[in-house]
Structures are given as C-alpha cells and as structure tokens.
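Residue numbers (our numbering), protein chains in the order written: chain A, 34 to 121; chain B, 34 to 121; chain C, 34 to 121; chain D, 34 to 121; chain E, 34 to 121. Even for Gly, the Cβ is constructed at its ideal location relative to N, Cα and C. Computed from a prediction, not measured in an experiment: that's the story for all the values here.
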C-alpha cells in the first residue's frame, strides 16, 4: 500500500455499468517525507476522502473488496484517511 | 487505474480463441497534465472508445470482468471514456 | 498487454511438473515504433509463435488460461500473433 | 518477496472496517547489501515486527492470507522477521 | 517470468506458519545476456535450486501453486533450473 494525497476527481459519463455511483479520485502517491512518489493514479474511494487529504490506497483486485458483492473493474482504491505517521 | 489516450488499434488473425471479437486498442497513459506517462500498452475495449479519445483503464484480471462469463486472457481494459478531470 | 518480438527460447530439464510440454519463449517488449520497451521476459506460448514474429502477450495469472484445466505456474503468455497495428 | 527494514507506523482513524485492529507499518525495501531499494511502502504486520527490524514482505492479495478468514483490502504484508541472509 | 541466478539464502526464525519448511532464496534477475536486470528478490524454491545456478522464476500468487494444497503467502517462486537459452 502507499501513502498519497488526493489531488482531484475524474468525471465520466460513458463507463462500465459496475462503476455507476462510484467516486473516482486522482491521487498523488507520497514518500513518508511527503514528496511525490511517481505519477498520479486514479483510485476509487470508499471512505469519503476529499481533495487535499492524505490517504492510504491499495492496488489490485483488493481495491474492489469494499464494494462487495459488487465487483467493479478497478485496480486501486483508497481504504483509509491518514491521521499521521511516525518515523521510528 | 490510469488516464490514457487511445492512439491506435492492433490487428491479429492468429490469437487465443477467447479473444475473438474483442477490440484491442493501443493506449498512451497520461499524467493529469496530459503528458505521456510511460509506454503505450494494449488494452481491450468494452465501452466503444475511439482513437483520440481520453479514457480510463484498469490493469489486471479485472480487465476481463466486462466480458463475463467469458474469461479472455487480458490484463488491461478501457472501462470509461473521460469527460474531464478536475484538479482541486 | 504489450507488443513484443520473439527473440529466443529457454530449455529446462528440471522444472515444475505442470510446465511439462509447455514452450517457453524469450520475448522483447516493443513500443508501437518497434523500439525495445524494457527488458526481455520469458513467456509461455499457446499460439505457435516463432522467433522473429511480432506478438502480443499478457501478464499475470491470465497467462495460464489457455492451458485450462491445467494451471501451470506462469505469469506471462503469448496470446496472439500480430498482423499489424495502426496508429490513428 | 523483498527484504526490508521497518521504519515507522501509520495511524488512521477513518478506514475500511476490515482494517480494524490491523497494524500498518512503513517499510523501506532493501537490497541484500542493505541499501534502500526504491520507495518505502506501507505493509500490514502479522508477525509482531518492530521499528528497526529487518523483515521480509510479500506483495499482492497474498498479504491478506495471514488474516484469513478476514479479507482486509491490503496488498503488502510482513510475513517474517529475518535472522540473517547468506550470499553464497 | 524471468531468468535469474541464485545468489544466496534467507534465514528467518519468526515467520508465518505457512512458510515453515519452505526454502527462501535470493535471486538476481538476469537479462538474456546474463547482466543483472534490476534488484535481487526473494523467491521460494520448489525444484531444488542451489547458489550459482541459473533459474527461471514466476511472480504473483502462481508462486504458491507448487505447494498446493498449502497456500503460503509468497509472490515469487523458482519453477525451473535452466539448461540454456537460445537467441534465434
């Protein structure tokens, strides 16, 4: 999983029927030092994250688990809003 | 998932039988600033995307979900045509 | 999925029993401009591809689908021989 | 799988219900020479690893296996604390 | 799949119970020209490979197939010892 910041949202009118009603956000992966870590990706949101928030996302089919029993065709999903992280 | 632009199509006469009738497009992944983000890949299309359009694709087995109950051997699929995206 | 050229073959006498009788080819992923796109990988072949041919391969467990009901431990497979591609 | 060092922990109060009670650690992947190998990632812990320890983590859905029958939406998990490694 | 050379072994006393009795080797991925191709990874071994040998490994859940019905949490596994490869 990776830390990221929500930087925007994607709007689509023509899409797979299993994506109806699902929010698609643009997220910028971050290093623990809050530097950009690679390119922004698109992730589904199941926790109510908003632009500017620091989140935690998962890749792969696991991104669809929060929508079970629906199986939307997604490969990245925000599964938590980060309070903070500690470097030990 | 990633934003991308459709840049072409692939034609194959010898192929896995489960790919019969499935459209294979070349897509260039994009950053939110519309710059190329890595190399073009080949993706199946289930939403009727055309060359030049901005789309949204998913990687992994999830790319085959729109073809269920068929299980074509694919790992990338276009699942939406993008209207626009907002950077917050 | 990615475009690639077949550049060789791999011979193994000690291997997982589920790989018996399966052809293993070395493939060089290609950009649409036919330039090498990263490192060569090893892919199983289910369509009869030969050295020098341009093919199309899939990554992940999907690479084993053409061998169903066998489940060989493979993560890349050639699923089509490319006739040509069009850049629109 | 990869070698890594635990470098911190992530705290989230808003998260997927299936992540309740699961420890999320920041880990820095390592080369066998103990140099950083790419960016830190977030991994779940099922073996009681602590900050500073050298561990071994797995990527993908397999990261959720130690929590079975729960299926938390995770894609990286620490599955062992390393005693040492030998370069032959 | 990728070609690789076995370069060492990893010893862990605290680990997931499903990893008991499974050999963990360090492997250096190779190009067909036998140059290092990226960073070493850790792979399980089901074919009796030893340090210095050229092998062939698979990534993903498929790496656990040789251990079926056990499902160890692994994402890379050696599935063959290479005799040689031919560049056509």
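Contact defined as beta carbons within less than 8 Å: I believe residue 109/B pairs with residue 90/B. What is the distance between those atoms, to the nearest angstrom?
The residue given as residue 109/B occupies position 76 in the second chain. The residue given as residue 90/B occupies position 57 in the second chain. At roughly 6 Å, the Cβ-Cβ gap stays under 8 Å, so residue 109/B and residue 90/B are in contact.
Mark residue 37/E as exposed unless 16 or more other C-beta atoms lie within 10 angstroms of its C-beta, in which case mark it buried.
Within the fifth chain, the letter at position 4 stands for residue 37/E. Residue 37/E comes out buried.
Under three-state DSSP, which class holds residue 97/B?
Numbered from its first residue, the second chain carries residue 97/B at position 64. Of the three classes helix, strand and coil, the one that applies to residue 97/B here is helix, per DSSP.
Under 8 Å by Cβ, that's how I've got residue 51/D and residue 106/D pegged, so tell me the actual separation to the nearest angstrom.
By 1-based counting over the fourth chain, the position of residue 51/D is 18. By 1-based counting over the fourth chain, the position of residue 106/D is 73. About 6 Å; that satisfies the 8 Å criterion.
With a threshold of 8 Å between beta carbons, is residue 109/C in contact with chain E?
Residue numbering aside, residue 109/C sits at position 76 when the third chain is read from its first letter. Taking Cβ atoms only, chain E reaches closer than 8 Å to residue 109/C, which makes this a yes.
List the residues of chain A that residue 96/B touches, going by C-beta distances under 8 Å, in chain order.
Taking the second chain and counting its residues from 1, one reaches residue 96/B at position 63. Simply 106.
Rank 96/A, 88/A, 43/A and 45/A by C-alpha distance to the C-alpha of residue 114/A and give the top, closest one.
For the purposes of this step, residue 114/A is identified with residue 81 of the first chain, where counting begins at 1. Residue 88/A is the option with its Cα nearest to residue 114/A.
Within a Cβ cutoff of 6 Å, which residues of the same chain sit near residue 76/A, ignoring the five residues on either side of it in sequence?
Mapped onto the first chain, residue 76/A falls at position 43. Correct list, in chain order: 58, 60, 90, 109, 110 and 111.
Can you check whether the C-beta of residue 69/E is within less than 8 Å of a C-beta belonging to chain C?
Start at 1 with the first residue of the fifth chain, and residue 69/E comes out as number 36. Not an interface residue.
By Cβ distance, which residues of its chain are closer than 8 Å to residue 82/A, with the 5 residues on each side in sequence left out?
Numbered from its first residue, the first chain carries residue 82/A at position 49. Cβ neighbours of residue 82/A beyond the five flanking positions: 39, 58, 88, 111 and 114.
Can you give the beta carbon distance from residue 80/C to residue 47/B, rounded, assuming they're within the 8 Å contact cut?
Numbered from its first residue, the third chain carries residue 80/C at position 47. Numbered from its first residue, the second chain carries residue 47/B at position 14. The C-beta distance from residue 80/C to residue 47/B rounds to 6 Å, short enough to fall under 8 Å.
Which value, in whole angstroms, describes the spacing of the CA atoms of residue 42/B and residue 73/B?
The residue given as residue 42/B occupies position 9 in the second chain. The residue given as residue 73/B occupies position 40 in the second chain. Residue 42/B and residue 73/B: Cα-Cα distance of roughly 11 Å.
Which partner residues of residue 84/D appear in the DSSP bridge assignment?
Residue mapping note: residue 84/D aligns to position 51 of the fourth chain, counting from 1. Partner(s): none; residue 84/D has no beta bridge.
Thinking just about the alpha-carbon of each residue, which of 63/B, 35/B, 97/B and 93/B is nearest to the one in residue 56/B?
For this step, residue 56/B is matched to residue 23 along the second chain. Among 63/B, 35/B, 97/B and 93/B, the Cα nearest to that of residue 56/B belongs to 97/B.
Looking at residue 93/C and residue 93/B, is the spacing between their C-beta atoms short of 8 Å?
For this step, residue 93/B is matched to residue 60 along the second chain. For this step, residue 93/C is matched to residue 60 along the third chain. Result yes, Cβ atoms of residue 93/B and residue 93/C sit closer than 8 Å.
Counting only Cβ pairs nearer than 7 Å, list the residues of chain B close to residue 122/A.
Any answer about residue 122/A is impossible in this case: the structure gives chain A only from 34 up to 121.
For residue 42/A, report the span of its beta strand (DSSP E) as first-last.
For this step, residue 42/A is matched to residue 9 along the first chain. Residue range 35-48 is occupied by the beta strand (DSSP E) that includes residue 42/A.
Looking only at C-alpha atoms, which of 64/B, 95/B and 78/B sits nearest to residue 119/B?
Here residue 119/B corresponds to residue number 86 of the second chain, with the count starting at 1. When C-alpha distances from residue 119/B are compared across 64/B, 95/B and 78/B, the shortest belongs to 64/B.
For the putative contact between residue 78/B and residue 99/C, defined by C-beta atoms under 8 Å, what is the C-beta separation to the nearest angstrom?
Within the second chain, numbered from 1, the residue matching residue 78/B stands at position 45. Within the third chain, numbered from 1, the residue matching residue 99/C stands at position 66. Residue 78/B to residue 99/C, Cβ: 21 Å. No contact.
Can you find a C-beta in chain B that's less than 8 Å from the C-beta of residue 63/A?
In the first chain, counting from the first residue as 1, residue 63/A sits at position 30. No - not a single Cβ of chain B is within 8 Å of the one on residue 63/A.
Against chain A, with Cβ distances strictly below 8 Å, would residue 99/B count as a contact?
The sequence position of residue 99/B within the second chain is 66, counting from 1. Answer yes: the Cβ-Cβ gap between residue 99/B and chain A drops below 8 Å somewhere.
Would you mind sorting residue 69/D into buried or exposed? The rule is 16 or more other CB atoms within 10 Å of its CB.
Sequence index remark: in the fourth chain, residue 69/D carries index 36 (1-based). With fewer than 16 Cβ atoms within 10 Å of its Cβ, residue 69/D is classed as exposed.
Looking only at C-alpha atoms, which of 116/A, 62/A and 53/A sits nearest to residue 35/A?
Within the first chain, numbered from 1, the residue matching residue 35/A stands at position 2. Nearest C-alpha to residue 35/A: 62/A.
Below 6 Å CB to CB, which residues in the same chain sit around residue 26/C once its five sequence neighbours on both sides are set aside?
Since the first residue shown for chain C is 34 and the last is 121, residue 26/C is missing from the structure and cannot be characterised.
Going by beta carbon distance, what residues of the same chain come within less than 6 Å of residue 86/B, once the five residues before and after it are set aside?
Along the second chain, read from residue 1 onward, the residue named residue 86/B stands at position 53. 39 and 114, listed in sequence order.
Does any CB atom of chain C fall closer than 8 Å to the CB of residue 74/B?
Counting from 1 along the second chain, the entry for residue 74/B is found at position 41. Residue 74/B counts as touching chain C.
Which residues in chain A sit within 7 Å of residue 78/D, going by Cβ to Cβ distance?
Mapped onto the fourth chain, residue 78/D falls at position 45. Per Cβ cutoff of 7 Å: no residues; residue 78/D is ~12 Å from chain A at best.
Over the uninterrupted beta strand (DSSP E) stretch that includes residue 62/C, give me the two end residues.
Residue mapping note: residue 62/C aligns to position 29 of the third chain, counting from 1. Looking at the DSSP string, the run of the beta strand (DSSP E) that includes residue 62/C is 57-63.
Taking only beta-carbon atoms, is residue 84/A less than 8 Å away from chain B?
Start at 1 with the first residue of the first chain, and residue 84/A comes out as number 51. True, the Cβ-Cβ gap to chain B drops below 8 Å.
Name the chain B residues that come within less than 8 Å of residue 93/C, Cβ to Cβ?
For this step, residue 93/C is matched to residue 60 along the third chain. 93, 94 and 108, listed in chain order.
Can you name the start and end residues of the beta strand (DSSP E) that residue 113/C belongs to?
Start at 1 with the first residue of the third chain, and residue 113/C comes out as number 80. Here the beta strand (DSSP E) through residue 113/C covers 109-120.
Can you check whether the C-beta of residue 36/E is within less than 8 Å of a C-beta belonging to chain C?
Start at 1 with the first residue of the fifth chain, and residue 36/E comes out as number 3. Yes - at least one Cβ of chain C is within 8 Å of the one on residue 36/E.
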